[in-house]
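Number 3 in the numbering used here belongs to position 3 of the sequence shown; there are no gaps in the numbering.
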Amino acid sequence: MAIKQTAGHDQLGDFAPLFAHFNDDVLFGQVWSREEELSAHDRSMITCAGLMAMGLFPQLQSHMNLAKRNGVTRSEMVELITQLAFYAGWPKAWSAFNLAKEIFGDEEATADAGRSEAMNQADVLPDSGFYPLGDPADGPNFTGHAWLYHLTEPDVECSAGNVTFAPGCFNRWHTHPHGQLLLVTDGLGWEQEEGRKPRHLKPGDVVFCPAGVRHWHGASRNSSMTHVAVTPAREGQSPVEWLDFPDSEQVAALG
1 MAIKQTAGHD QLGDFAPLFA HFNDDVLFGQ VWSREEELSA HDRSMITCAG LMAMGLFPQL
61 QSHMNLAKRN GVTRSEMVEL ITQLAFYAGW PKAWSAFNLA KEIFGDEEAT ADAGRSEAMN
121 QADVLPDSGF YPLGDPADGP NFTGHAWLYH LTEPDVECSA GNVTFAPGCF NRWHTHPHGQ
181 LLLVTDGLGW EQEEGRKPRH LKPGDVVFCP AGVRHWHGAS RNSSMTHVAV TPAREGQSPV
241 EWLDFPDSEQ VAALG
C-alpha cells in the first residue's frame with residue numbers, strides 16, 4: 001500500500017486547504033495508491049521521467065527521493081536519465097544527474113551491489129518447502145527475489161500463501177490490520193517487530209505479529225527462507241500497509 005502523503009496539508013493546509021486536499025487525498029490518495037494498476041516503483045519512474053522532460057527540477061528532486069523509497073535503484077535512475085537525454089535535452093539531463101548524485105550517491109551503489117549478489121545467488125532456485133515455488137513476487141516492497149504460491153484465494157477473509165525469499169532478500173516494515181501468523185518451513189531468516197530485537201528464524205518456528213504492529217521479515221544473508229503467511233482481512237480492506245525499508249546495513253550485520 002502506498003505511504004500516506006501529507007505534504008500538501010503540512011505545507012499548504014492553512015494557506016490553500018482545497019489544493020492540499022487535492023494533492024494529498026486525490027492525487028496521491030486515489031490515483032497514486034492504485035498499485036494494482038502500476039506499482040509504486042513504476043509510478044515513480046514514470047513521474048520522474050515526466051518531470052525531467054518538463055524541466056521541473058524542484059518537483060523532480062522530491063519525486064527522486066520518493067522513488068528511492070519506492071525501490072528505484074541508482075542504476076535504474078541513471079538509465080532513465082540517459083535515455084531521456086536524447087529526447088528531453090542534454091542540459092536537462094545534466095541537471096537531473098546532479099540531483100540523482102545527491103539523492104542516490106554511494107549508498108545506493110552499495111545497495112545495488114547487494115541486490116545483484118542476491119540475484120546471482122537466486123540463479124539456483126531455492127527450496128520452497130512443502131509447496132511449489134509459485135510466481136515471482138519481486139517488486140518495490142522487497143530488496144531482492146521472492147516467490148509466492150497462493151494456498152487460498154488472495155481476497156478471502158483469511159488468506160494463506162507460501163512465501164520464499166532468496167538469500168539476503170527482506171521486505172519493508174509493514175503492518176496488518178488484523179495481525180499475521182508466519183510458519184517457517186525451510187531455510188533460515190529473520191523477523192523483527194518494532195521496539196524488539198531481531199528474531200532468528202529456522203524451520204518449525206512460529207511467529208505471530210499482532211494487529212497494527214510494524215514488523216519486517218526475510219532470509220538470512222547466505223540462506224533462502226520459506227514461510228507460510230496467514231493473514232486475516234475484511235472485505236474492502238487491504239491486508240497490509242507497506243512502509244519504509246529497515247536499515248540495510250543493520251540487516252546485513254545480522255548474517
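The beta carbon of each residue, even a glycine, is placed where N, CA and C say it ideally should be.
What you are looking at is a predicted structure, and each value in this text was computed from that prediction instead of being measured.
Asked: N65 - containing beta strand (DSSP E), residue span; Found: Per DSSP, N65 belongs to no beta strand (DSSP E); it is in the alpha helix (DSSP H), 57-69.
Asked: Distance, A85 Cα to M52 Cα; Found: 9 Å
Asked: As assigned by DSSP and simplified to three states, the class of E79; Found: helix
Asked: Secondary structure of N171, DSSP reduced to three states; Found: strand
Asked: Where the beta strand (DSSP E) through N98 begins and ends; Found: Careful: N98 lies outside any beta strand (DSSP E), inside the alpha helix (DSSP H) at 90-103.
Asked: For D25, the residue or residues it bridges with in DSSP; Found: Bridge partners of D25: none, in fact.
Asked: Cα-Cα separation between A252 and M54, rounded to whole angstroms; Found: 39 Å
Asked: Secondary structure of F19, DSSP reduced to three states; Found: helix
Asked: Separation of D42 from L181, as counted between CA atoms; Found: 30 Å
Asked: Contacting residues, own chain, Cβ-Cβ under 6 Å from F208 (five flanking each side not counted); Found: L181
Asked: Burial state of Q192, where buried means 16 or more other Cβ atoms lie within 10 Å; Found: buried
Asked: Local conformation of G161 per DSSP, three classes; Found: strand
Asked: Proximity to A160 [Cα-Cα], best of Q59, H227, R221; Found: H227
Asked: Whole-Å CB distance - G212 paired with T175, under 8 Å assumed; Found: 5 Å
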